[in-house]
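For reference, the structure is listed below as structure tokens.
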Amino acid sequence: MKAIWKGYIHASLILKITIALILGVIVGLIFGKDAAVLEPFGDLLLHLLKFLIIPLILFTLIVGVNQTSITNLGRMGGKVFLYYVLTSALAIVVGIAVASIFSPGAGMTLDTKEGFEVPENPGIIHVLLSIVPENIVTAFSELNLLGIIFTALVFGIAISSLRASEQYHELGEQVYTVINGLNEATLSIMKVILQYVPIGVFAIMAKTVGNQGADTLLSLGNMVLVLYIALIVHIGVYILFMFVTKVPLKPFFREARTPMVTAFVTQSSSGVLPLTLNAAKNMGLSRSLYGFSLPLGATINMDGAAIRIAVSAVFAANIIGDPLSFTDMLQVVLVGTLASIGTAGVPGAGIIMIATVFAQLGLPMEAVGLLTAIDALVGMGCTAINVTGDLVGTAIIDKSEKKRENPDTVENSYSH
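Numbering (our numbering) for the sequence shown: 20 to 435.
This is the structure in structure tokens:
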């Protein structure tokens, strides 16, 4: 038994996750809804990951702010936001292009008797206001990522000012040392939690496949297939970006694959944030950059959701026999980009964004109800793309920053 446990500990994490993924699918198909008995093991994984979100963001970002200047932080922030907006818009263009070629929903009929209540859309104003929390404790308890980022930035800048002052230099150094120690302690806890990830992945996959079943996949298979083709095309776009900016592909995906696969299973960008931050750390990316770019991306950068919005809009238009015009497509790009920025990084939130775009274009809400049947199936791939996009952007911006600092010889950050 001891030898088995030792072998498990030393085995490759991605190998363990891949085996867990396959076993989960098999168990889900064999036992169907009975596989839900494994749900507590999956819930425990999500609880463990969410348990680390606050200390990871808080301590990583405070330490990161103290390792760079405010000017650098502002410049990197501008690059990050521009990247997120551009890739979200590009994702919608990719989704519309692929869906227009394959025409999902063509020939299908819609059951107009089936009503669907549209969930409330919090709106962009609400998202912007949530950046500054009314109460720090509430921001932490509600896992308001934007509020946590704001808190970490403010305290990070304040501690940096203390360290730079003559009067409080020693006090500032003491506080920074404590924060740095807490950050290292959090990373140590992370290493232990990583060993449980495959077990949680197995349980979540078995439950998801058991609940959805093969029938649901087959009945709306065309829609699911087209969406996954669009997601694969968008990964190709990421690879092109990395190739152009000379970000090494093999080392990148070696580290990125764990958060990508876990995001695929859990359907939560914010839930796998500890794994995404850990991947960025292993890539050797700048802590001051990934400390805020990845939490911010988990909140506002939803390339997968954007693709889903585009494919769903084409799907709904084809069902009612009124394909989208060029003007409609432009509207989808504009509204969808803005809507995806306000999408929360949690399971099921993409439905809200789809409903928002459908309302703008006058598409039938009954189609939204139909799409909820495959919510889990498409949400898995979309979440994996969301996380991939966050890491790609961070790696590209990190490369540009290092090139700016040292234009002659850029340090290879992926050698670790």
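Where a beta carbon is used, it is the ideal one built from N, C-alpha and C, also for glycine.
So for residue 36, helix, strand or coil by DSSP?
helix
Tell me the DSSP secondary structure of residue 87 in three-state form.
coil
In whole angstroms, what separates the C-alpha of residue 277 from that of residue 32?
7 Å
Report the rounded CA-to-CA distance for residue 51 versus residue 394, giving the unit in angstroms.
18 Å
Assuming residue 252 contacts residue 123 (C-beta within less than 8 Å), just tell me the rounded distance between them.
Not really, about 15 Å apart at Cβ, beyond 8 Å.
Closest by C-alpha distance to residue 299, when choosing among 396, 387 and 416:
416
Going by alpha carbons, who is nearest to residue 305 out of 39, 29, 34 and 95?
95
In terms of alpha-carbon separation, which member of 227, 97, 406 and 187 lies closest to residue 321?
406
Tell me which residue opens and which closes the alpha helix (DSSP H) that residue 445 is part of.
Missing from the structure shown is residue 445; the chain here goes from 20 to 435 and no further.
Environment of residue 89 [buried if 16+ CB atoms lie within 10 Å]
exposed
Among 384, 375 and 325, which one has its Cα closest to the Cα of residue 398?
325
Quick check: what's the CA-CA separation for residue 29 versus residue 39?
16 Å
Please check the pair residue 223 and residue 284, which I expect to be a contact at CB under 8 Å, by giving their CB distance rounded to whole angstroms.
5 Å
Below 8 Å on the Cβ atoms is my guess for residue 413 versus residue 287; work out the distance and round it to an integer in Å.
Actually they do not touch by this definition, with Cβ atoms about 19 Å apart.
Straight-line gap, residue 27 to residue 59 (C-alpha atoms, nearest Å)
22 Å
Taking all protein chains shown into account, do 16 or more other C-beta atoms lie within 10 angstroms of the C-beta of residue 423, making it buried, or fewer, making it exposed?
exposed
Within the chosen definition, does the region 202–209 reach the region 64–80 through at least 3 CB pairs nearer than 8 Å?
yes
Counting along the chain, where does the alpha helix (DSSP H) carrying residue 249 start and finish?
240–263
Give the range of the alpha helix (DSSP H) segment to which residue 322 is assigned.
322–338
Given a cut-off of 8 Å, decide if residue 118 and residue 249 are closer than it, judged by their beta-carbon atoms.
yes
First and last residue of the uninterrupted alpha helix (DSSP H) at residue 155
155–160
Exposed unless 16 or more other CB atoms sit within 10 angstroms - verdict on residue 93
exposed
Residue 286 in three-state terms, based on DSSP:
coil
Which word fits residue 8, buried or exposed, when buried means at least 16 other C-beta atoms lie within 10 angstroms of its C-beta?
The chain is shown from 20 up to 435; residue 8 falls before or after that span and cannot be answered.
So, is residue 153 buried or exposed, given that buried needs 16 or more other C-beta atoms within 10 angstroms?
exposed
Span separating the alpha-carbon of residue 347 from that of residue 382:
11 Å
Of the residues 411, 106, 41 and 98, the one placed nearest residue 261, counting alpha carbons only
411
Taking 8 Å as the cut-off, decide whether the C-beta atoms of residue 387 and residue 374 are in contact.
yes
By the DSSP assignment, the alpha helix (DSSP H) with residue 175 in it spans what residues?
164–183
Comparing alpha-carbon positions, which option in 338, 339, 337 and 379 lies nearest residue 351?
379
Do residue 323 and residue 254 come within 8 Å of each other at the CB atom, strictly closer than that value?
no
Applying the 10 Å Cβ sphere with the 16-neighbour rule, what's the burial state of residue 21?
exposed
CB residue 400 to CB residue 227, shorter than 8 Å?
no
Using DSSP with H/G/I as helix, E/B as strand and the rest coil, what is residue 343?
coil
Buried or exposed for residue 160, going by 16 or more other Cβ atoms inside 10 Å?
exposed
For residue 220, three-class secondary structure by DSSP
helix
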